[in-house]
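Numbering (this note's numbering), first residue to last: 19 to 186.
We put the CB at the ideal spot given by N, CA and C, even for glycine.
A short write-up of the structure that comes next.
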């Protein structure tokens, strides 16, 4: 990868030690690559593995965790994997000294396993969609606003998301 690209790799683990060993532990690996500039691609893959999770802790999958064509927390699991790909294009310069507007086209795929409370994904699930991005230039707390419409590979109609955080 040459200039105009950046990559990331993140590995982390959390949990607690008990007399019987490690409990309520989650190990996470995330890797990605992104192209910077007025337009470009972004790809991310993440895996979270749960170990002896408490019943109050789930690794769900849905709109808020990377599978944007499904309602938040649709799928249950003790572990999950997700892959996201986006193509972004800046549409404007700074509008009224408030925000820069852009377009995103995306596809997501994900899987959960080890469900205990609700349904798992029953294999890999996917979605595709489009969105409008606003990079807020004058606020310290809110940096991006995303309006996205995603269609799941099976199930009901589109999911419309409005969020103030970047997915990755």
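Option nearest residue i by Cα separation, candidates the options
i           : options               : result
residue 90  : 184, 74, 177 and 182  : 177
residue 159 : 150, 184, 136 and 171 : 184
residue 100 : 132, 107, 180 and 79  : 79
residue 23  : 37, 58 and 138        : 58
residue 120 : 20, 131, 150 and 98   : 150
Contact check, residue i vs residue j, beta carbons under 9 Å
i           : j           : result
residue 63  : residue 145 : no
residue 162 : residue 152 : yes
residue 25  : residue 49  : yes
residue 105 : residue 123 : yes
residue 65  : residue 46  : yes
residue 84  : residue 128 : yes
residue 39  : residue 75  : no
residue 164 : residue 182 : yes
residue 102 : residue 186 : yes
Buried/exposed call for residue i, threshold 16 Cβ in 10 Å
i           : result
residue 94  : buried
residue 77  : buried
residue 109 : exposed
residue 157 : exposed
residue 147 : buried
residue 179 : buried
residue 130 : buried
residue 170 : buried
residue 37  : exposed
residue 98  : buried
residue 155 : exposed
Distance between beta carbons of residue j and residue i, contact taken as under 8 Å
i           : j          : result
residue 43  : residue 28 : Between residue 28 and residue 43 the Cβ distance is about 17 Å, and since that is not below 8 Å, they are no contact.
residue 132 : residue 96 : 3 Å
For this session: Answer yes if the region 106-118 comes into contact with the region 135-142, meaning at least three C-beta pairs across the two stretches below 8 Å, and no otherwise.
Result: Taking one beta carbon from each stretch, the region 135-142 and the region 106-118 have fewer than 3 pairs nearer than 8 Å; the two do not touch.
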